[in-house]
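K.L.:
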Amino acid sequence: MSSTTELELLRPDDWHVHLRDGALLGAVVNHTARQFARAIVMPNLKPPVTTVAAARAYRDRILAAVDPALGFTPLMTAYLTDDTDPNELALGRREGVFTAAKLYPANATTNSAAGVTDVRRLDRALERMQELGLPLLVHGEVVDAGVDVFDREAVFLERVLAPTVARFPGLRVVVEHITTRQAVDFVTAAGPNVGATITPHHLEINRNAMFEGGLRPHFYCLPVAKREEHRLALRRAATSGDPKFFLGTDSAPHRVPDKESACGCAGIWNAPVALESYAKTFEEENALDRLEAFASVHGPRFYGLPVNGARVRLVREPSRVPERVATPAGELVPFHAGRELGWRFSGPVP
Ligand code: DOR
Ligand code: ZN
9 MSSTTELELL
19 RPDDWHVHLR
29 DGALLGAVVN
39 HTARQFARAI
49 VMPNLKPPVT
59 TVAAARAYRD
69 RILAAVDPAL
79 GFTPLMTAYL
89 TDDTDPNELA
99 LGRREGVFTA
109 AKLYPANATT
119 NSAAGVTDVR
129 RLDRALERMQ
139 ELGLPLLVHG
149 EVVDAGVDVF
159 DREAVFLERV
169 LAPTVARFPG
179 LRVVVEHITT
189 RQAVDFVTAA
199 GPNVGATITP
209 HHLEINRNAM
219 FEGGLRPHFY
229 CLPVAKREEH
239 RLALRRAATS
249 GDPKFFLGTD
259 SAPHRVPDKE
269 SACGCAGIWN
279 APVALESYAK
289 TFEEENALDR
299 LEAFASVHGP
309 RFYGLPVNGA
319 RVRLVREPSR
329 VPERVATPAG
339 ELVPFHAGRE
349 LGWRFSGPVP
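Counted from 1, the sequence shown has number 187 at position 179 by the working numbering; the numbering is strictly sequential.
Structure (structure tokens):
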């Protein structure tokens with residue numbers, strides 16, 4: 009074990025986050041903004057963020073809710089539907105509103121009912137995105153009830169994403185929150201225009217976590233955690249130094265009653281401990297020296313954006329994660345609730 013007691017990194021970005029809206033937005037946004045300079049904000053609101061005007065208005069609400077002293081920039085995404093107008097994507101790109109567009113297969117996850125029923129319906133949009141260099145962010149799961157829930161990502165890669173990448177070889181694609189060895193292999197074998205985000209929770213838990221001593225809704229997210237062999241493949245990918253893999257928390261808060269329910273929502277709220285959780289994984293893999301590249305360099309490079317100038321610090325200091333966090337929007341359960349973590353995010357390097 010190294011004797012490192014402090015870790016300084018270029019300030020990282022979160023390339024996949026759910027900031028929600030209304031009171032919940034106010035309750036969660038500073039947790040993300042404290043650690044990350046920028047974040048790719050998911051558009052799965054009700055109604056979904058499908059237009060430039062809606063994205064601009066949502067960005068304004070985020071900026072009104074965030075503590076300005078934290079210096080946070082939200083990067084907005086368009087929610088793709090069967091009827092997405094390629095001109096709307098071009099307009100959003102031109103006006104500096106859309107950084108990317110998100111593909112949710114219809115009914116794959118939270119607020120995805122307006123998503124895409126057949127990827128072929130996106131042909132015109134994808135063609136334009138390829139021309140514009142506007143990245144396609146993918147929730148990579150089939151929704152076919154005949155496909156086992158634990159196989160939905162691997163089947164999506166084979167049936168949907170591989171043919172799409174072949175038809176649009178210049179399209180920039182991020183396979184979001186990957187959970188399988190198959191996804192690691194797919195991204196590794198693809199061209200440099202294909203990357204992936206990896207969450208702190210998929211690096212930390214396998215599917216057993218959902219069933220330990222009883223049903224554990226706070227470990228339920230989509231894509232669902234898989235077997236241990238897949239978690240190990242994700243850990244190898246994240247710590248490999250390969251620039252195709254970068255940080256995206258998929259922090260997805262839901263109020264306690266919406267999680268602890270007969271039909272609980274998918275999503276893990278990891279924003280309060282995101283960097284601490286990644287640091288835990290990288291330390292366990294003897295790869296702390298590669299955390300900065302994964303957290304702060306590979307993402308901006310993929311998106312063609314500058315790396316952040318400021319630096320942040322983590323200190324080696326045991327800190328207990330609260331069981332619950334009371335907010336004006338209701339109680340939330342953070343990832344690692346009730347556990348002790350060995351690293352603590354201490355803020356910007358003065
Ligand atoms: O677990 C998840 N929660 N996965 C998603 O794809 C959506 C997210 C949410 O919005 O709650
Ligand atoms: Zn997500």
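Glycine is no exception: its CB is placed at the ideal position from the N, C-alpha and C atoms.
#1: Report whether the distance from the Cβ of A114 to the nearest heavy atom of the ligand DOR is below 7 Å.
#2: CA-CA distance, R67 and R235?
#3: Expressed to the nearest angstrom, what Euclidean distance is found between the alpha-carbon atoms of L88 and F343?
#4: Apart from the five residues just before and just after A121, which ones in its own chain have a Cβ nearer than 8 Å to its Cβ?
#5: Can you pull the DSSP bridge partners for G249?
#6: Quick one: what does DSSP say P56 is sitting in, helix, strand or coil?
#7: Below 8 Å on the Cβ atoms is my contact criterion, and I expect L97 with A133 to pass it. Report the Cβ-Cβ distance as a whole number of Å.
#8: Would DSSP call A86 helix, strand or coil?
#9: Just checking G275 against the ligand DOR - is the residue's beta carbon closer than 7 Å to any of the ligand's heavy atoms?
#10: Contact between the segment 165-184 and the segment 131-149 is defined here as three or more beta-carbon pairs at a separation below 8 Å; is this criterion met?
#11: G256 and D22 - do their beta-carbons sit closer together than 8 Å?
#12: Just the C-alpha distance for E291 and L283, rounded to the nearest angstrom, thanks.
#13: Starting from V181 and walking both ways along the alpha helix (DSSP H), at which residues does that stretch end?
#14: Beta carbon of A260: closer than 7 Å to some heavy atom of the ligand DOR?
#15: Is the beta carbon of T12 less than 8 Å from the beta carbon of L296?
#16: Rounded to whole angstroms, what's the CA-CA distance from A337 to P280? Just pull it up for me.
#17: So T335 is in the alpha helix (DSSP H); what residue range does that whole segment cover?
#18: From D91, V49, E293, A204, pick the residue whose C-alpha is nearest to that of T247; which is it?
#19: Using alpha carbons as the reference points, say which of E139, F158, V182 lies closest to K110.
#20: Do V323 and S354 come within 8 Å of each other at the CB atom, strictly closer than that value?
#21: Check H24 in the structure and name its three-state DSSP category.
#22: Following a CB-centred definition, is C229 positioned closer than 7 Å to any heavy atom of the ligand DOR?
#23: Within the continuous beta strand (DSSP E) that includes R215, where are the two ends?
#24: Locate the beta strand (DSSP E) running through T125, then write down its first and last residues.
#25: Can you name the start and end residues of the alpha helix (DSSP H) that S2 belongs to?
#26: Grab me the residues of E325's own chain with a C-beta within less than 7 Å of its C-beta, minus the 5 sequence neighbours each way, in chain order.
#27: What residue from A334, N201, A45, R347 has the CA that sits closest to P177's CA?
#28: Output the distance between the C-alpha atoms of T117 and D258, rounded to the nearest integer angstrom.
#29: In its own chain, which residues sit with a C-beta less than 7 Å from the C-beta of G350, not counting the 5 before and 5 after it?
#30: How about V74 and V37: do their beta carbons lie closer than 8 Å?
#31: Just to check my reading of the structure: A233 and T187 have Cβ atoms closer than 8 Å, yes? What is that Cβ distance to the nearest angstrom?
#32: Among the residues of its own chain, which have a CB less than 6 Å from the CB of K54, if the five just before and after it don't count?
#33: Does the Cβ of N216 have 16 or more other Cβ atoms within 10 Å, making it buried, or fewer, making it exposed?
#34: Across the segment 80-95 and the segment 122-132, are there enough close Cβ pairs to call them in contact, namely three or more that are closer than 8 Å?
#35: Measure how close the beta-carbons of A65 and T85 come, nearest whole angstrom, since I'm counting them as under 8 Å.
P.N.:
So, from the data block:
#1: Your numbering for residue 114 matches position 106 in the sequence shown. Not under cutoff, so the answer is no.
#2: One-based indexing of the sequence shown puts residue 67 at position 59. One-based indexing of the sequence shown puts residue 235 at position 227. Distance between R67 and R235, taken at the CA atoms: about 37 Å.
#3: Looking up residue 88 in the sequence shown gives position 80. Looking up residue 343 in the sequence shown gives position 335. F343 has its alpha-carbon roughly 29 Å from the corresponding atom of L88.
#4: If you number the sequence shown from 1, residue 121 lands on position 113. Non-local beta-carbon contacts of A121 in its own chain, meaning distances under 8 Å to residues more than five positions away in sequence, involve A114, N115 in chain order.
#5: As a first step, residue 249 must be located in the sequence shown, where it is residue number 241. Secondary-structure assignment with DSSP links G249 through no beta bridge to anything.
#6: Locating residue 56 in the sequence shown gives position 48, counting from the first residue. Coil at P56, not helix or strand.
#7: To locate residue 97, count along the sequence shown from 1; it is residue 89. To locate residue 133, count along the sequence shown from 1; it is residue 125. Indeed, because the Cβ distance is near 6 Å, the residues count as touching under 8 Å.
#8: Start at 1 with the first residue of the sequence shown, and residue 86 comes out as number 78. It is a strand residue.
#9: By 1-based counting over the sequence shown, the position of residue 275 is 267. Checking the Cβ of G275 against the ligand DOR gives yes.
#10: With three or more CB-CB distances shorter than 8 Å, the segment 165-184 counts as touching the segment 131-149.
#11: Taking the first residue of the sequence shown as 1, we reach residue 22 at position 14. Taking the first residue of the sequence shown as 1, we reach residue 256 at position 248. In contact: D22 and G256 (Cβ atoms closer than 8 Å).
#12: Locating residue 291 in the sequence shown gives position 283, where the first residue counts as 1. Locating residue 283 in the sequence shown gives position 275, where the first residue counts as 1. The straight-line gap from Cα to Cα measures roughly 12 Å.
#13: By 1-based counting over the sequence shown, the position of residue 181 is 173. DSSP places V181 in no alpha helix (DSSP H) but in the uninterrupted beta strand (DSSP E) bounded by 181-183.
#14: Here residue 260 is taken as the residue at index 252 of the sequence shown, counted from 1. Yes - the ligand DOR has a heavy atom lying nearer than 7 Å to the Cβ of A260.
#15: Walking along the sequence shown from the start, residue 12 turns up at place 4. Walking along the sequence shown from the start, residue 296 turns up at place 288. Yes, the Cβ-Cβ distance between T12 and L296 is below 8 Å.
#16: Counting from 1 along the sequence shown, the entry for residue 337 is found at position 329. Counting from 1 along the sequence shown, the entry for residue 280 is found at position 272. Between the alpha carbons of A337 and P280 lies a gap of roughly 16 Å.
#17: Sequence index remark: in the sequence shown, residue 335 carries index 327 (1-based). First-last for T335: 333-335, but that is the beta strand (DSSP E), not the alpha helix (DSSP H).
#18: Position 239 of the sequence shown holds residue 247. The alpha carbon of T247 has as its nearest neighbour, out of D91, V49, E293, A204, the alpha carbon of E293.
#19: Taking the first residue of the sequence shown as 1, we reach residue 110 at position 102. K110 has its Cα closest to that of V182, out of E139, F158, V182.
#20: For this step, residue 354 is matched to residue 346 along the sequence shown. For this step, residue 323 is matched to residue 315 along the sequence shown. In contact: S354 and V323 (Cβ atoms closer than 8 Å).
#21: Residue numbering aside, residue 24 sits at position 16 when the sequence shown is read from its first letter. Note: H24 maps to strand in three-state DSSP.
#22: Taking the sequence shown and counting its residues from 1, the one referred to as residue 229 is at position 221. At least one heavy atom of the ligand DOR falls within 7 Å of the beta-carbon of C229.
#23: In the sequence shown, the residue the question calls residue 215 occupies position 207. First-last for R215: undefined, no H or E at that position.
#24: Residue numbering aside, residue 125 sits at position 117 when the sequence shown is read from its first letter. From DSSP, T125 is part of no beta strand (DSSP E); its letter is neither H nor E.
#25: There is simply no residue 2 to check, as the chain begins at 9 and stops at 358 in what is shown.
#26: What you label residue 325 is simply residue 317 of the sequence shown in a count that begins at 1. These residues qualify, in order along the chain: R352.
#27: One-based indexing of the sequence shown puts residue 177 at position 169. Scanning A334, N201, A45, R347 for the CA closest to the CA of P177 turns up N201.
#28: Position 109 of the sequence shown, counting from 1, holds the residue named residue 117. Position 250 of the sequence shown, counting from 1, holds the residue named residue 258. Computed Cα separation, rounded: 13 Å.
#29: Start at 1 with the first residue of the sequence shown, and residue 350 comes out as number 342. Result list for G350: K288, R324, P326, in chain order.
#30: Translated into positions along the sequence shown, residue 74 becomes position 66. Translated into positions along the sequence shown, residue 37 becomes position 29. In this structure, V37 lies closer than 8 Å to V74 by Cβ.
#31: If you number the sequence shown from 1, residue 233 lands on position 225. If you number the sequence shown from 1, residue 187 lands on position 179. Confirmed, Cβ separation roughly 7 Å.
#32: Mapped onto the sequence shown, residue 54 falls at position 46. Scanning its chain for C-beta atoms nearer than 6 Å, with the 5 sequence neighbours on each side dropped, one finds around K54 the residues N119, in chain order.
#33: Reading the sequence shown from its first residue, position 208 is the one you call residue 216. Exposed is the call here.
#34: When C-beta atoms of the segment 80-95 are compared with those of the segment 122-132, three or more pairs fall below 8 Å, so the two segments count as touching.
#35: Residue numbering aside, residue 65 sits at position 57 when the sequence shown is read from its first letter. Residue numbering aside, residue 85 sits at position 77 when the sequence shown is read from its first letter. About 14 Å; that fails the 8 Å criterion.
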